[in-house]
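Novice:
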Amino acid sequence: MTHYLLAVVLGVVAGLLSGLFGVGGGILFVPILTWLGLTQIHAEASSLLAIIPTVMVGVWRQQRYGNVRWRAAAILGVASVAAAVGGAQVALSLPESTLRKLFAALMIAVAAQIAWRARHKQQ
Amino acid sequence: MRLILIGLTAGFFSALFGVGGGIVIVPLLLLVGGWELRSATATSLAAIGITATAGVIIYVAHGQVKPAYAALVGVPAALGALGGTTLQQRLPVRTLSFLFAALLLAIAVRMLLQ
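In order, the protein sequence lines correspond to chains A and B. Read in this note's numbering, the first sequence has 110 at position 110, and its numbers run on one by one without any break. When you read off a place in the second sequence, starting at 1, and then add 123, the result is the number in this note's numbering.
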């Protein structure tokens with residue numbers, strides 16, 4: 001029971017992050033669901049379903065604030081689906097741990113760049 | 124053209140690492156596209172909606188989606204998103220940028236430790 005309660009609370013946190021930062025929430029959904037006993041593949045599949053109501057609410061709110069650019073979203077979404085289908089094949093043949101480290105290093109650089117720009121803008 | 128490349132990059136990395144597209148789309152829209160943070164995150168959400176729907180269709184066909192578990196986290200998350208977007212509208216972009224950078228850093232560290 002406490003497991004499920006904690007899952008609900010973490011679900012709210014995932015939604016908060018989604019609304020604040022434009023992410024789907026999968027970064028929290030997948031670990032929550034595997035912790036509840038789902039296999040990795042079931043957790044990832046169910047996470048995608050959980051993302052749908054989350055982003056629908058987020059988009060609905062953002063639409064009212066006038067922040068959504070629909071044409072760009074459609075292009076990004078369709079290109080992303082195409083690459084995910086193709087990328088899954090390529091992904092299997094690449095050394096994953098090396099790529100993972102490279103991607104993580106790149107993300108740290110990106111984070112630094114975003115923080116730097118935000119700081120710079122203020123002054 | 125730039126948007127297509129950003130979308131392709133996001134899709135590739137999400138297939139590779141199981142990260143959502145948002146963590147790739149938002150920084151690229153900010154840094155490469157020169158977008159403002161609120162429109163970048165809002166548009167990213169709409170794009171993720173398309174990607175997630177396509178993914179769900181594929182996984183449902185394989186019988187791998189557990190709707191009850193999805194609802195268990197997805198319904199609270201929808202409420203959270205309501206709070207998140209409202210909060211985003213009220214926080215200064217500068218604060219949001221620092222928080223987003225912190226989120227990226229946390230995810231990167233987690234990936235390095237895996």
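Glycine included, each C-beta is placed from N, C-alpha and C at the ideal position.
Going by Cα to Cα distance, which pick from B:K189, B:I171 and B:G206 is closest to A:G26?
Specialist: Translated into positions along the first sequence, residue 26 of chain A becomes position 26. Comparing Cα positions, the closest option is B:I171.
Novice: Can you tell me the Cα-Cα spacing of B:R161 and A:G24, whole angstroms?
Specialist: Start at 1 with the first residue of the second sequence, and residue 161 of chain B comes out as number 38. Start at 1 with the first residue of the first sequence, and residue 24 of chain A comes out as number 24. Straight-line Cα distance between these residues: approximately 15 Å.
Novice: For a cutoff of 8 Å on Cβ pairs, would you count A:T98 as touching chain B?
Specialist: If you number the first sequence from 1, residue 98 of chain A lands on position 98. It does not: the Cβ of A:T98 has no partner Cβ on chain B nearer than 8 Å.
Novice: Following the continuous alpha helix (DSSP H) through A:E44, name the residue where it begins and the one where it ends.
Specialist: Here residue 44 of chain A refers to the residue found at position 44 of the first sequence. Unbroken alpha helix (DSSP H) run through A:E44: Q40 to Y65.
Novice: Which of the three DSSP states is assigned to B:S137 in this structure?
Specialist: One-based indexing of the second sequence puts residue 137 of chain B at position 14. B:S137 falls in the helix class under three-state DSSP.
Novice: Terminal residues of the continuous alpha helix (DSSP H) containing A:L16?
Specialist: Counting from one through the first sequence, the residue named residue 16 of chain A turns up at place 16. Residues T2 to F21.
Novice: For B:Q187, report the span of its alpha helix (DSSP H) as first-last.
Specialist: Stepping through the second sequence from its first residue, residue 187 of chain B is reached at position 64. Here B:Q187 belongs to no alpha helix (DSSP H), and DSSP marks it neither H nor E.
Novice: Answer yes if the segment 42-51 of chain A comes into contact with the segment 187-203 of chain B, meaning at least three C-beta pairs across the two stretches below 8 Å, and no otherwise.
Specialist: Inter-segment contact for the segment 187-203 of chain B and the segment 42-51 of chain A is present: three or more beta-carbon pairs are separated by less than 8 Å.
Novice: At a CB-CB cut-off below 8 Å, which residues of chain A make contact with B:R161?
Specialist: Taking the second sequence and counting its residues from 1, one reaches residue 161 of chain B at position 38. Q62, Y65 and N67, listed in chain order.
Novice: Please say whether B:Q237 and A:I41 have beta carbons closer to each other than 8 Å?
Specialist: In the first sequence, the residue the question calls residue 41 of chain A occupies position 41. In the second sequence, the residue the question calls residue 237 of chain B occupies position 114. Not in contact: A:I41 and B:Q237 (Cβ atoms no closer than 8 Å).
Novice: Three or more beta-carbon pairs under 8 Å between the segment 59-79 of chain A and the segment 217-233 of chain B, yes or no?
Specialist: no
Novice: Hey, how far is the Cα of B:F135 from the Cα of A:A115?
Specialist: For this step, residue 135 of chain B is matched to residue 12 along the second sequence. For this step, residue 115 of chain A is matched to residue 115 along the first sequence. So the alpha carbons of these two residues sit roughly 25 Å apart.
Novice: Quick check: A:G11 and B:V196, are their CB atoms within less than 8 Å of each other?
Specialist: Position 11 of the first sequence, counted from the start, is the residue given in the question as residue 11 of chain A. Position 73 of the second sequence, counted from the start, is the residue given in the question as residue 196 of chain B. Contact: yes.
Novice: Mind pulling the chain B residues with CB within less than 9 Å of A:W70?
Specialist: For the purposes of this step, residue 70 of chain A is taken as the residue at position 70 of the first sequence. Under the 9 Å cutoff, chain B gives T166 and A169.
Novice: Would you say B:G130 and B:S137 are within 8 Å of each other, going by their C-beta atoms?
Specialist: Looking up residue 130 of chain B in the second sequence gives position 7. Looking up residue 137 of chain B in the second sequence gives position 14. No; because the gap between Cβ atoms is not below 8 Å, this pair is not in contact.
Novice: Among the residues of its own chain, which have a CB less than 7 Å from the CB of A:R64, if the five just before and after it don't count?
Specialist: Residue numbering aside, residue 64 of chain A sits at position 64 when the first sequence is read from its first letter. There are no such residues.
Novice: Thinking B:G207 and A:L16 are a contact (beta carbons under 8 Å), I'd like their distance in whole angstroms, please.
Specialist: To locate residue 207 of chain B, count along the second sequence from 1; it is residue 84. To locate residue 16 of chain A, count along the first sequence from 1; it is residue 16. Contact flag correct, Cβ pair sits at about 4 Å.
Novice: Determine, for A:M56, whether the minimum Cβ-Cβ distance to residues of chain B falls below 8 Å.
Specialist: Within the first sequence, residue 56 of chain A is the residue found at index 56, counting from 1. Answer yes: the Cβ-Cβ gap between A:M56 and chain B drops below 8 Å somewhere.
Novice: Under 8 Å Cβ-Cβ, which residues of chain E neighbour B:A201?
Specialist: The structure shown has no chain E; the protein chains it does contain are A and B.
Novice: With a threshold of 16 other CB atoms inside 10 Å of the CB of B:Y182, please say whether the residue is buried or exposed.
Specialist: Position 59 of the second sequence holds residue 182 of chain B. Per the 10 Å Cβ criterion, buried.
Novice: Chain A beta carbons: is any one of them nearer than 8 Å to that of B:G157?
Specialist: For this step, residue 157 of chain B is matched to residue 34 along the second sequence. So, not an interface residue.
Novice: Given this structure, state the Cα-to-Cα distance separating A:T39 from B:A184, to the nearest angstrom.
Specialist: As a first step, residue 39 of chain A is located in the first sequence; it is residue number 39 there, counting from the start. As a first step, residue 184 of chain B is located in the second sequence; it is residue number 61 there, counting from the start. Straight-line Cα distance between these residues: approximately 17 Å.
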